[in-house]
Amino acid sequence: MGMGFVARNHLGKCMFAGNEQLQGFSEPELAEALAIRRALEVCRSEGCLSIVLASDCLSMVNKIKSTTQDRSRVGIVVSDIKSLASGFTRCSFLHVRRGMNVAAHKLARSCEHSVNLFYLG
Numbered sequence: 001m002g003m004g005f006v007a008r009n010h011l012g013k014c015m016f017a018g019n020e021q022l023q024g025f026s027e028p029e030l031a032e033a034l035a036i037r038r039a040l041e042v043c044r045s046e047g048c049l050s051i052v053l054a055s056d057c058l059s060m061v062n063k064i065k066s067t068t069q070d071r072s073r074v075g076i077v078v079s080d081i082k083s084l085a086s087g088f089t090r091c092s093f094l095h096v097r098r099g100m101n102v103a104a105h106k107l108a109r110s111c112e113h114s115v116n117l118f119y120l121g
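And the structure:
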């Protein structure tokens with residue numbers, strides 16, 4: 001299984017994108033959480049302080065936005081996401097239909113058969 005993320009600016013231009021293989025993972029929700037956490041880490045390291053993260057996984061967006069502690073298997077990653085998000089000037093999470101998230105899914109699938117990629121636009 002792989003994860004992929006695409007970071008775009010306010011005009012929709014790709015600023016950076018990446019993917020990574022996830023060895024030993026088979027849960028899509030966990031892969032989504034790890035992709036969101038990785039995107040936050042990259043945004044922070046690249047100096048992007050005002051971001052909107054879009055995901056087609058409604059349950060993950062709801063878990064991130066929730067004020068209650070998540071005790072599920074992905075809870076620790078959700079906690080990491082919330083902690084990382086607090087370090088941004090602006091960080092919001094948005095649910096989008098899967099058709100709006102095609103590039104990230106293609107990146108996630110491509111790393112199952114190749115090396116990890118990272119693109120800086």
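Residue numbers (full-length UniProt numbering): 1 to 121.
Think of the CB as a built atom: it goes at the ideal place given N, C-alpha and C, for glycine as much as any other residue.
This one's a predicted model, so the numbers in the text were calculated from it and none came from an experiment.
Nearest to G2 (by Cα), restricted to the options L11, E29 and F16
E29
Check your understanding: If you pair each beta-carbon of the segment 58-65 with each one of the segment 10-27, do three or more pairs fall below 8 Å?
Key -> no
Query raised in the report: Are G18 and V52 touching if we call contact CB-CB under 8 Å?
Result: no
Check: In its own chain, which residues sit with a C-beta less than 8 Å from the C-beta of L94, not counting the 5 before and 5 after it?
Finding: V52, L53, A54, S55 and V61
Review point. Roughly how many angstroms separate the alpha carbons of V74 and L40, rounded to a whole number?
Key: 16 Å
Checklist entry - Roughly how many angstroms separate the alpha carbons of M15 and I76, rounded to a whole number? => result 28 Å
In chain order, which continuous runs of the alpha helix (DSSP H) of length 4 or greater are located wholly inside the UniProt domain "RNase H type-1" (2-111)?
28-45, 58-65, 75-85 and 102-110
CA-CA distance, L34 and F5?
10 Å
Same chain, Cβ closer than 6 Å to L49, neighbours up to 5 away in sequence not counted:
F88 and T89
| query | Taking buried to mean at least 16 other C-beta atoms within 10 Å of its own C-beta, is residue 127 buried or exposed? | reply | Lying before the first or after the last residue shown, residue 127 is absent from the chain, which here runs from 1 to 121.
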